[in-house]
Structure formats: C-alpha cells, structure tokens
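Engineer: First residue of the sequence shown: 8, per this note's numbering; consecutive thereafter. From the three backbone atoms N, C-alpha and C, an ideal C-beta is built for every residue, glycine too. Remember, it's a predicted structure, so these values are computed and weren't measured experimentally. For reference, the structure I am asking about is given below.
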Amino acid sequence: SHTGHTIWIVKLARNGRSRGTYVTRTIGSISGGGDCVVCQYIERPLLVHGHKHDLRLYVIVFPSSPARSFSQSFIHTGGYVRFAAKEFSLADLETGDTWDPFVHLTYLDSVDRLQHRIQREKE
Numbered sequence: 008s009h010t011g012h013t014i015w016i017v018k019l020a021r022n023g024r025s026r027g028t029y030v031t032r033t034i035g036s037i038s039g040g041g042d043c044v045v046c047q048y049i050e051r052p053l054l055v056h057g058h059k060h061d062l063r064l065y066v067i068v069f070p071s072s073p074a075r076s077f078s079q080s081f082i083h084t085g086g087y088v089r090f091a092a093k094e095f096s097l098a099d100l101e102t103g104d105t106w107d108p109f110v111h112l113t114y115l116d117s118v119d120r121l122q123h124r125i126q127r128e129k130e
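Written as structure tokens, this is what we have:
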C-alpha cells in the first residue's frame with residue numbers, strides 16, 4: 008500500500024447515501040452494530056481534476072435466445088457523475104484513524120453539506 012498500512016472502507020449494509028460509511032486503518036476497530044461490507048481502500052484512484060468520482064449508468068441487457076445468437080443491451084441517457092467535494096489526499100489518514108468524508112466519498116449529500124457550511128462561513 009502507498010501509506011505502508013492497509014486502509015479499509017466500511018459501509019453499513021442497510022444504510023443508503025453513504026450514511027455510516029467510514030475509513031479505518033485498523034480492521035479490529037470495525038463496528039456498527041450490524042452487517043457491513045468491508046473493502047480494501049483504493050489508495051491511488053483515477054482522479055478528475057484531483058477529485059475522486061464515480062459514474063452511475065443504467066444498462067439493461069437482454070440475453071441471447073435460440074432465435075438470436077447475440078444479446079442486446081441498451082444504456083439509458085440519464086446516468087450521472089458524482090465528485091468528492093474536496094481534492095483527494097491520504098494526508099488525513101496518515102496521522103491516525105480520522106478521515107474527511109468530503110475527500111473520500113462522492114455522495115451528493117456531502118457536497119450539499121459542504122456548500123452550506125461554506126455559505127455560513129461567508130456570512
């Protein structure tokens with residue numbers, strides 16, 4: 008790993024919009040009181056202008072049938088791209104087990120909350 012220690016991302020199974028998601032360096036500290044998904048964190052992600060991102064695409068695939076020797080698929084035009092609110096860095100993880108969700112997550116609520124916080128600081 009880039010930092011010399013494995014980093015894990017933990018997502019609680021029944022929470023949407025990344026609620027309850029966190030990043031940790033110690034797998035023994037994983038808690039949450041329920042089922043969760045634990046994955047090794049990608050420390051060198053593909054970035055767009057320094058930000059993590061994800062693509063949401065909707066695709067339907069029709070399998071081949073005896074009458075057709077190929078399958079058909081269609082992609083919906085309503086997909087979208089989500090970006091993390093802050094530029095990507097592992098600096099917040101190198102000093103301990105704290106982390107900044109605005110750097111590591113791409114869900115829309117994080118961007119909305121950051122924009123509201125910035126607006127309040129300007130006022």
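For PHE81, report the span of its beta strand (DSSP E) as first-last.
Structural biologist: 79-82
Engineer: CA-CA distance, PRO108 and ILE16?
Structural biologist: 11 Å
Engineer: Please return the same chain residues whose Cβ sits closer than 7 Å to the Cβ of LEU64, not counting the five positions on each side in sequence.
Structural biologist: ILE82, GLY86
Engineer: Look at the Cβ atom of THR113, then the Cβ atom of ASP61, and state whether they are nearer than 7 Å.
Structural biologist: yes
Engineer: In the structure shown, what three-state DSSP assignment does ALA20 receive?
Structural biologist: Three-state DSSP puts ALA20 in coil, outside helix and strand.
Engineer: Give every residue of the same chain whose Cβ lies closer than 8 Å to the Cβ of ALA20, excluding the five residues on either side of it in the sequence, and list them in chain order.
Structural biologist: Excluding the 5 residues flanking it on each side, ALA20 has same chain C-beta neighbours closer than 8 Å at GLY41, ASP42, CYS43, VAL44, in chain order.
Engineer: Start and end of the beta strand (DSSP E) containing ASP61?
Structural biologist: From DSSP, the beta strand (DSSP E) with ASP61 extends over 60-63.
Engineer: Return helix, strand or coil for ILE67, following the three-state DSSP convention.
Structural biologist: strand
Engineer: Take THR105 and list the residues in its own chain whose beta-carbon comes closer than 7 Å to its own, dropping the five residues that flank it on each side.
Structural biologist: ASP99
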